[in-house]
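S.K.: Residue numbering for the sequence shown follows UniProt numbering, beginning at 1 and increasing consecutively. Below you will find the structure I want to go over with you.
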Amino acid sequence: LEKKCGFCVRRVHSNEKLGKSHMEKEWRRKAFWSSNTYQLTTVEMEPINNVEELDAVLSHARQLSQPIIIEWMASWCRKCIYLKPKLEKLAAEYNNRAKFYYVDVNKVPQTLVKRGDISKMPTIQLWKEDEMKEEVIGGHKGWLVIEEVRELINKYV
């Protein structure tokens, strides 16, 4: 069955058995399309450049009682570069409920990197109430990382 919605066509499956590659395609589609909207938008992630900026971001998030997501990345890291636009799409989904930031570890003081306790990249961390609650090390497929980040956010929103 096919369901037309705006400019796209979604496939609706009955109880047929789906192959592994088809299941992965369905998960990818779900990872980037929220169930209540069919229009992709992005919210640009803001950079954090030093410890003072991190403290200001955490303080503001505490006042709003919001979690923040920080992608710790490097400009030479392919997976980091690949994940950033996908996280920006996810940021649009959680607009006004969670804020998204990034830190380029090669352009910031090492005191900031040590504060995040970063050893691998990309690392996506969820911070709430001035402390890091959970993290996802993004060495696997991008759509799977996005689903894991979505689950983290849903836990703390």
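No residue lacks a Cβ here, since even glycine has one placed at the ideal position from N, Cα and C.
Out of 74, 42 and 100, which one is the CA nearest neighbour of residue 128?
M.R.: Position 128 of the sequence shown, counting from 1, holds the residue named residue 128. For the residues 74, 42 and 100, the minimum Cα distance to residue 128 belongs to 100.
S.K.: Round the Cβ separation of residue 112 and residue 54 to the nearest angstrom and send it over; I've been treating them as touching at under 8 angstroms.
M.R.: For the purposes of this step, residue 112 is identified with residue 112 of the sequence shown, where counting begins at 1. For the purposes of this step, residue 54 is identified with residue 54 of the sequence shown, where counting begins at 1. 6 angstroms between Cβ atoms; contact.
S.K.: Taking residue 74 as the reference, which of 51, 104 and 83 has the closest Cα?
M.R.: Counting from one through the sequence shown, the residue named residue 74 turns up at place 74. For the residues 51, 104 and 83, the minimum Cα distance to residue 74 belongs to 104.
S.K.: Quick one: give me the first and last residue of the alpha helix (DSSP H) that residue 51 is part of.
M.R.: If you number the sequence shown from 1, residue 51 lands on position 51. Counting along the chain, the alpha helix (DSSP H) containing residue 51 begins and ends at 51 to 64.
S.K.: Would you mind working out which of 121, 134 and 86 sits nearest residue 77, comparing C-alpha positions?
M.R.: Taking the sequence shown and counting its residues from 1, the one referred to as residue 77 is at position 77. Looking at the Cα atoms, 121 is the closest of the given residues.
S.K.: Have a look at the DSSP bridge pairing and note the partners of residue 110.
M.R.: Indexing the sequence shown from 1 puts residue 110 at position 110. For residue 110, which the question treats as bridged, DSSP gives no partner whatsoever.
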